[in-house]
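Take a look at the structure below.
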Amino acid sequence: MALLEGRGLSMTFGGIFALRAVDIAVEEHQVVGLLGPNGSGKTTLFNILSGLLRPTAGEAWFGGARVTKLSPWEISRLGIARTFQIARPFARSTVFDNVLVGVTFRSRHRYRRSLDRRRETEHLLGMVGLAEKASAHADALSLGERKRLELAMALSTRPSLLLLDELASGLSPKGREEVVRFYARLKELGLTIFAIEHSFRVLARVADRLLVLDQGALVAEGRPEQVLGSTRVVEAYLGEEE
Amino acid sequence: MSLNTLAQALISGALLGCFYTLMALGFSMILGVTRALNLAHGDLIILGGYLGYWLWSGSGLHPLFLVPVGAAALLPLGLLCQWLFQRLPEPKELSSLVLTFGLSLLLQNLMLALWRGEYRLIASESLAGSIHLGSLGLNPGRLIVAAAALAVVGALYLGLTRTRWGRAVRATSLDREAAALLGINVDEATRTTCLLALALSGGAGVLFATLHYLYPGGGIDLTLLAIVLTIWAGVGRLRSVLVAGILLGVLETLTVAWSGPRWRELVLALVLLISLLARSGGLALGRSH
Amino acid sequence: MPRGEWIGVGLVGAALLLLPPLSGFHPYYLYLVSTALLFGTVATSWNLLAYAGQISFGHAAFFGLGGYGAALASLAGFSPWLAIGVGGLVGAGGAAGIGLASARLRGAYLALATLAYAEVWRGIAHNWTEVSGGGAGLIGIPPLPPVGWLPLDFTRGRAGGYYLSLAFLIVILAVFAGILRSRLGLAFAAVREEEERASLLGVHPLPWKILAFALSGFFTALAGGLYVHMVRVAEPDLMFSRYFSLLPLVMATFGGLYTLLGPAIAALGLYLVSELLLHPLAPAFHQLPYALALIVVALYLPGGLAGLLRKKKHHGTA
Chain A
1 MALLEGRGLS MTFGGIFALR AVDIAVEEHQ VVGLLGPNGS GKTTLFNILS GLLRPTAGEA
61 WFGGARVTKL SPWEISRLGI ARTFQIARPF ARSTVFDNVL VGVTFRSRHR YRRSLDRRRE
121 TEHLLGMVGL AEKASAHADA LSLGERKRLE LAMALSTRPS LLLLDELASG LSPKGREEVV
181 RFYARLKELG LTIFAIEHSF RVLARVADRL LVLDQGALVA EGRPEQVLGS TRVVEAYLGE
241 EE
Chain B
243 MSLNTLAQAL ISGALLGCFY TLMALGFSMI LGVTRALNLA HGDLIILGGY LGYWLWSGSG
303 LHPLFLVPVG AAALLPLGLL CQWLFQRLPE PKELSSLVLT FGLSLLLQNL MLALWRGEYR
363 LIASESLAGS IHLGSLGLNP GRLIVAAAAL AVVGALYLGL TRTRWGRAVR ATSLDREAAA
423 LLGINVDEAT RTTCLLALAL SGGAGVLFAT LHYLYPGGGI DLTLLAIVLT IWAGVGRLRS
483 VLVAGILLGV LETLTVAWSG PRWRELVLAL VLLISLLARS GGLALGRSH
Chain C
532 MPRGEWIGVG LVGAALLLLP PLSGFHPYYL YLVSTALLFG TVATSWNLLA YAGQISFGHA
592 AFFGLGGYGA ALASLAGFSP WLAIGVGGLV GAGGAAGIGL ASARLRGAYL ALATLAYAEV
652 WRGIAHNWTE VSGGGAGLIG IPPLPPVGWL PLDFTRGRAG GYYLSLAFLI VILAVFAGIL
712 RSRLGLAFAA VREEEERASL LGVHPLPWKI LAFALSGFFT ALAGGLYVHM VRVAEPDLMF
772 SRYFSLLPLV MATFGGLYTL LGPAIAALGL YLVSELLLHP LAPAFHQLPY ALALIVVALY
832 LPGGLAGLLR KKKHHGTA
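Residue numbers (this note's numbering), protein chains in the order written: chain A, 1 to 242; chain B, 243 to 531; chain C, 532 to 849.
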């Protein structure tokens, strides 16, 4: 079984079908990209996989365990972490404390000594390039810095699967280059990644497989060359290149 | 419990319920247009009652003539309410609770200073006693109050559904920004609603004082009542508020018939607590009617 | 905390410690300041719960539970010192209960639920006559007896209550300070700021919320338990009065939401000013300053006075 698997996931809000019977599979150590125009259900899917939403139908498994109806904290403890497209840090806490939370309260690789926790937090901040901003308040950061904080927070729980929501959007070409390097780095660390991106150029370089959603349904999947080469997909379903 | 007692309780409860609906309207209206939860709601009604009592004991006029006077007396407070509630920082629901908690205490102290702690009642003979229908006894005061309540609800319903004003108010309650974008003068709609709400509370207070003893701390009861009805019925849904009111009235009279009047306040507080705990969402705003 | 603040705290602390002997153990002043200290404890407990993101409009419930619990224990023969502890536990239990039941509620709806909770207990105290004495309440609660191994003057009469209330305040301030530095404080702050985000980081919000309620309820109830031993009666309309829900709210928000000392300072200041200055001048209006303070806070100072000072500091250094 794949590390992350979903079968028949559907979500209805009132009369709106946000997701229609979507099947997904993410193998361990892979980078799988999720594409689709706005409103196609990508974030809804992430919300279901991270426990913020309960699907109206379908099931999801992580590492063989059923995660469909679990609370966010239970799913986090199993090893899934996510970032948000619009960063949601603890605004009035320091950058340091934001990352410390995950390090302190995760259930695996726990440190008993406060010193060790602080060291890991510093290490994570260094990894995303926020070491100098450690004592700044989260709401004082720039957009790029906030995205890095989101990433550091996601990594703070030592997950095995990362759900990354549009890490590269809103950034300059230079910023996007950094993101591509980051994807490689994360892969090196042994993480499995399921990533939503608007820019298919980024995904083409980092993803092993792509899934394409449109209006809640899965309309294409396969290797990047296959999916991106399909003119039908390119015309109708891919977002504009940024 | 005999069938007769049951019937008596049901009818009294329905009458009481109409009265409760009238008491709750002001709260619901203000919540709809300003998103403010007014914990001083009940105290404002009691204030109207005290003013009515004061005029009645001084002039000897029949209480029913004093109802519009009570309404007029509280009308200017509607402007104050609008001014205060529009200044509240977000989240309005919580900050309004803080503000009106203070207002409630302020009003109670004011009434205590002016009228002291003794219980007062507008004891008008025309409203006392009992009219007999078969084996049931009905208090004329309660009948008149229930009739007034139904009349007000009816008029309000017509006003909200048939007039331009009503449409403006409903739109403002549903989505203030969208209403403003549509060209609706939301400030005016809010102002008139607040004025109307306070006038209703003032008039209702006078009616209240004919049936119940007034004391400075008596407002909390009415406030809790208004909150329960608003939770049950949703904001701005007039017909639902009426049904909810009648339900609550019947619930109360049945409780009193079964175990006596002492438990009234406790049961009301419990009903409120359970209603809150049973809802995981907030008070459903929108769909005024 | 900067040096200047420490010195200030030290001076105030010393003054409070020495007040009884310096004032000749004058019963009225001891009673007055004891009550102010109790309110300081309740305000700080309220603030602790607010720090975990839960705004309570019903702290009177915990105050009253502590009071009645202690009164019943005391009347049953327990030493009053122990009875107060019993009251504290009852309050903690009652608080944990409502914390658990209202776990899904947020903001205004949680506030209303706590308000209703306090009214429920008031109703129970009114009606459960066999236990609570009904509307008349419980009377004849013994005063705090002197403690044998301490100098007599310091524990007899009003002095015993004074030092106990001072001790409660010191303990809760110490507990709060400890929490702020620890994992508990981190969890509370995370749950307060973004409960969902905290959950996604592996923090199960529920146990932390219940713990916050229990701690807040415990100290508030201790204050209630001491209070009944000072006034020697426990009446439902007094012990579960909305006044005891409103005061901590005013004091904490006025003094500085989420700060360590703000609520206690505001409690002492507001209470002593209102009792010493306003009560003699205009007794009918002695609750007025609290009402006005609350209105001002709601409209202009969501973070309280301490929040205002903090902003000034930021602008100065930034």
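Cβ coordinates follow ideal geometry from the N, Cα and C atoms, glycine included.
contact_flag[the region 304-324 of chain B, the region 484-491 of chain B] where n(CB pairs < 8 Å) is 3 or more: no
C/Glu766: first and last residue of the uninterrupted alpha helix (DSSP H) it sits in: Mapped onto the third sequence, residue 766 of chain C falls at position 235. Taken as a continuous stretch (DSSP letters only), C/Glu766 belongs to no alpha helix (DSSP H), as it is neither H nor E.
Partner residues on chain A for C/Ser730, Cβ-Cβ distance less than 7 Å: To locate residue 730 of chain C, count along the third sequence from 1; it is residue 199. Those are Ser71, Pro72, Trp73, listed as they occur along chain A.
Residue environment, B/Phe307, which counts as buried when at least 16 other CB atoms sit within 10 Å: Residue mapping note: residue 307 of chain B aligns to position 65 of the second sequence, counting from 1. By the neighbour-count rule (16 or more Cβ atoms within 10 Å), B/Phe307 is not buried but exposed.
Spatial distance of B/Leu378 from B/Leu245 (CA atoms): What you label residue 378 of chain B is simply residue 136 of the second sequence in a count that begins at 1. What you label residue 245 of chain B is simply residue 3 of the second sequence in a count that begins at 1. So the two alpha carbons sit approximately 11 Å from each other.
Within-8 Å CB hit, B/Pro382 to chain C: By 1-based counting over the second sequence, the position of residue 382 of chain B is 140. No, B/Pro382 lies away from the interface with chain C (no Cβ there is under 8 Å from its Cβ).
Check whether B/Ala431 and B/Val275 have beta carbons under 8 Å apart: Residue numbering aside, residue 431 of chain B sits at position 189 when the second sequence is read from its first letter. Residue numbering aside, residue 275 of chain B sits at position 33 when the second sequence is read from its first letter. Closer than 8 Å, so yes.
Inter-residue spacing [alpha-carbon to alpha-carbon] between C/Ala829 and B/Ser372: In the third sequence, the residue the question calls residue 829 of chain C occupies position 298. In the second sequence, the residue the question calls residue 372 of chain B occupies position 130. For C/Ala829 and B/Ser372, the distance between alpha carbons rounds to 48 Å.
Secondary structure of A/Trp61, DSSP reduced to three states: For the purposes of this step, residue 61 of chain A is taken as residue 61 along the first sequence, with counting starting at 1. Here A/Trp61 sits in strand by DSSP.
Any C-beta of chain B under 8 Å from that of C/Phe771: Counting from one through the third sequence, the residue named residue 771 of chain C turns up at place 240. No, no contact with chain B.
In chain order, each alpha helix (DSSP H) run of at least 4 residues that lies wholly inside the region 636-662 of chain C: 638-658
Inter-residue spacing [alpha-carbon to alpha-carbon] between B/Leu321 and B/Ala446: As a first step, residue 321 of chain B is located in the second sequence; it is residue number 79 there, counting from the start. As a first step, residue 446 of chain B is located in the second sequence; it is residue number 204 there, counting from the start. Using only the alpha carbons, I get a separation of about 18 Å.
Residue from B/Ile253, B/Leu252, B/Tyr262 whose Cα sits closest to the Cα of B/Leu480: For the purposes of this step, residue 480 of chain B is identified with residue 238 of the second sequence, where counting begins at 1. The residue with the shortest Cα to Cα distance from B/Leu480 is B/Tyr262.
Closest residue to A/Ala195 among A/Arg119, A/Ser169, A/Gly129 (Cα-Cα distance): In the first sequence, the residue the question calls residue 195 of chain A occupies position 195. Nearest C-alpha to A/Ala195: A/Ser169.
Supposed close pair B/Ser537, B/Val448 - CB separation, criterion 8 Å: Examination of residue 537 of chain B is not possible in this model, given that chain B is present from 243 through 531 alone.
Neighbouring residues, chain B, relative to C/Ala639 (Cβ below 7 Å): Taking the first residue of the third sequence as 1, we reach residue 639 of chain C at position 108. Here the neighbours are Leu279, Glu335, Leu336, Leu339.
C-alpha gap between C/Ala546 and C/Pro674, whole angstroms: Residue numbering aside, residue 546 of chain C sits at position 15 when the third sequence is read from its first letter. Residue numbering aside, residue 674 of chain C sits at position 143 when the third sequence is read from its first letter. One C-alpha to the other measures close to 25 Å.
For A/Arg82, the residue or residues it bridges with in DSSP: By one-based count along the first sequence, residue 82 of chain A stands at place 82. DSSP lists A/Leu163 as partners of A/Arg82.
Within-8 Å CB hit, A/Phe90 to chain C: If you number the first sequence from 1, residue 90 of chain A lands on position 90. Yes, A/Phe90 lies at the interface with chain C (some Cβ there is under 8 Å from its Cβ).
Cβ of B/Gly344 within 8 Å of any chain C Cβ: Locating residue 344 of chain B in the second sequence gives position 102, where the first residue counts as 1. Closer than 8 Å: yes.
Cβ shell of A/Glu145 (< 7 Å), same chain only, five flanking positions each side left out: Counted from its first residue, the first sequence places residue 145 of chain A at position 145. So the list reads Leu130, Lys133, once near-sequence residues are dropped.
Chain C contacts made by the region 78-104 of chain A, where a contact means CB separation under 7 Å: Arg82, Arg88, Phe90, Ala91, Arg92, Ser93, Asp97, Leu100, Val101, Gly102, Thr104
Close Cβ partners of A/Arg54 (< 8 Å) along its chain, the five nearest in sequence each way excluded: The residue given as residue 54 of chain A occupies position 54 in the first sequence. If we look at A/Arg54 and ignore the five residues flanking it on each side, its Cβ neighbours are Ile48, Thr68, Lys69.
Straight-line gap, B/Leu402 to B/Leu279 (C-alpha atoms, nearest Å): Here residue 402 of chain B is taken as the residue at index 160 of the second sequence, counted from 1. Here residue 279 of chain B is taken as the residue at index 37 of the second sequence, counted from 1. Going by the C-alpha atoms only, they are around 21 Å apart.
Coarse secondary structure for A/Arg7, derived from DSSP in three states: Here residue 7 of chain A is taken as the residue at index 7 of the first sequence, counted from 1. In the structure shown, A/Arg7 sits in a strand (DSSP, three-state: E or B).
Nearest to C/Leu569 (by Cα), restricted to the options C/Leu803, C/Leu819, C/Glu650, C/Pro811: For the purposes of this step, residue 569 of chain C is taken as the residue at position 38 of the third sequence. If we check each option's Cα against that of C/Leu569, C/Leu803 comes out closest.
Where A/Ile196 sits in the DSSP three-state scheme: Walking along the first sequence from the start, residue 196 of chain A turns up at place 196. Three-state result, A/Ile196: strand.
Residue nearest to A/Leu177 in terms of C-alpha spacing, selected from A/Thr157, A/Pro37, A/Arg201: Position 177 of the first sequence, counted from the first residue, corresponds to residue 177 of chain A. A small correction: the amino acid at residue 177 of chain A is Glu; Leu does not occupy that position in the sequence shown. Minimum Cα distance to A/Glu177 is reached at A/Arg201.
Cβ of B/Glu360 within 8 Å of any chain C Cβ: In the second sequence, the residue the question calls residue 360 of chain B occupies position 118. For B/Glu360, the answer is no, since every Cβ of chain C falls outside 8 Å of its Cβ.
Identity of the residues DSSP links to B/His374 by a beta bridge: Within the second sequence, residue 374 of chain B is the residue found at index 132, counting from 1. Beta bridge pairing from DSSP links B/His374 with B/Gly379.
Proximal residues, the region 656-678 of chain C versus chain B, C-beta separation under 8 Å: His657, Asn658
Proximity test, C/Ala765 beta-carbon vs the ligand MN heavy atom, cut-off 7 Å: Of ligands this structure carries none, so the ligand MN is not represented either.
Same chain, Cβ closer than 8 Å to B/Leu380, neighbours up to 5 away in sequence not counted: Translated into the one-based positions of the second sequence, residue 380 of chain B becomes position 138. Closer than 8 Å at Cβ, skipping near neighbours: Ile253, Ser254, Leu257, Ser372, Ile373, His374.
Positions along the region 701-719 of chain C whose CB lies within less than 9 Å of some CB in chain A: Ser713, Arg714, Leu717, Ala718
Beta-carbon contacts of B/His531 that lie in its chain and below 8 Å, excluding the five residues immediately before and after: Here residue 531 of chain B corresponds to residue number 289 of the second sequence, with the count starting at 1. Any reading at B/His531 needs caution, since the residue's pLDDT is 28, under 50, leaving its predicted position unreliable; the model's value is listed next. Cβ within range, chain order: Tyr399, Leu402, Thr403, Arg412, Gly478, Arg479, Leu480, Arg481.
B/Gly459 versus B/Ile288: straight-line alpha-carbon distance, rounded: For the purposes of this step, residue 459 of chain B is taken as the residue at position 217 of the second sequence. For the purposes of this step, residue 288 of chain B is taken as the residue at position 46 of the second sequence. When rounded, the distance between both Cα atoms is 9 Å.
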